[in-house]
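What follows is a short report on a single structure.
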Amino acid sequence: VPDETRGVWVGRRVFHSALYGAHAVTLCVTLDKGLQSTLSSRGCFALGPLTEFCDLVPAYYLTPTSSMQLVQACVAVLPRLQANTIQSYAASLRERACTSAEEQMKNSCFVLLQLVNALKHLQAQGMEEAPASLSSFLLCGEEREQVSPRLCVLQGLGAGTVRSDDGEKKVSLCQCALIAVRELMPDKPLTPLVSRLLSQERAVSLSQVIITVFGN
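Heads up, our numbering is the position in the sequence shown plus 796, with the first residue counted as 1.
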């Protein structure tokens, strides 16, 4: 990992750009072995690492510190990708001076459609809550800005995969959708209909919310 690289923190995982020989890769580093194993799950929302291993790594790759102390960590090696949280991606869209409002809306809608499908998948698997920080989701893009990112779920798709003792505030999956809409479309006011649909907490509500948001 280059010394000047800055990691992208997504929950308790950190993503670093790195070189393996002549190959550009991305490393996902975490102290939690249980978290790392969920990356290998199959499905359209899975990251699919090339390989995974545990090793001693400098602490500054896992926390914002300059400590050279070695700590045991799990590392997943991924193809090179541009990692973003939903929040950081939304901020980057607003900061692109060359991007029109129409293009920003198009990119935001594409991410929201992926998120809704992911949330419906989680609901179908029995999951009812996820972190309010949206740290269960990662946007994987290419270095070319014009390519829309792919949304990945960083937790397994089972009812028992969300830890209840990790200290993160949990909200319903419909509330996750609401948080994402506010992040990606801060200038688009929510209607009473959207608020009412989200309060129903059903899988069909997720689809109806997106149809309502996009249709206004």
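For every residue, glycine included, the Cβ atom is placed at its ideal position computed from N, Cα and C.
Secondary structure of residue i, DSSP reduced to three states
i      : result
ALA976 : helix
LEU815 : strand
CYS824 : strand
SER904 : helix
LYS916 : helix
Chain D within 9 angstroms of residue i, Cβ atoms only
i      : result
ASP983 : Looking for chain D here will not work: only one protein chain is present.
Buried or exposed by the 16-neighbour rule on C-beta atoms within 10 Å, applied to residue i
i      : result
PRO982 : exposed
CYS840 : exposed
LEU858 : buried
TYR816 : exposed
ALA955 : Because ALA955 sits at a pLDDT of 36, beneath the cut-off of 50, its placement in the model cannot be relied upon, and the following sentence gives the value as read from the coordinates. Counting Cβ neighbours within 10 Å, ALA955 comes out exposed, since fewer than 16 surround it.
ALA886 : buried
CA nearest to the CA of residue i, picked from the options
i      : options                           : result
LEU889 : SER944, ALA920 and PHE849         : SER944
VAL977 : GLY807, VAL821, SER813 and PHE906 : PHE906
VAL873 : HIS819, ILE882, SER884 and ASN880 : HIS819
VAL810 : LEU827, GLY817 and TYR816         : LEU827
ALA814 : VAL871, LEU852 and PRO860         : VAL871
GLN883 : PRO985, LEU852, LEU908 and MET864 : LEU908
Whole-Å CB distance - residue i paired with residue j, under 8 angstroms assumed
i      : j      : result
CYS936 : LEU877 : 4 angstroms
LEU950 : ALA914 : LEU950 to ALA914, Cβ: 11 angstroms. No contact.
VAL825 : ASN880 : Between ASN880 and VAL825 the Cβ distance is about 17 angstroms, and since that is not below 8 angstroms, they are no contact.
Practice problem: Identify every run of the alpha helix (DSSP H) within the region 842 to 893, keeping only runs that are complete inside it and at least 4 residues long; order them along the chain. | Solution: Fully enclosed alpha helix (DSSP H) runs of 4 or longer: 882 to 891.
Quiz item: Whole beta strand (DSSP E) runs in the region 923 to 949 with 3 or more residues, listed along the chain?
Solution: Taken in chain order, the complete beta strand (DSSP E) segments of 3 residues or longer contained in the region 923 to 949 are 925 to 927, 933 to 937 and 946 to 949.
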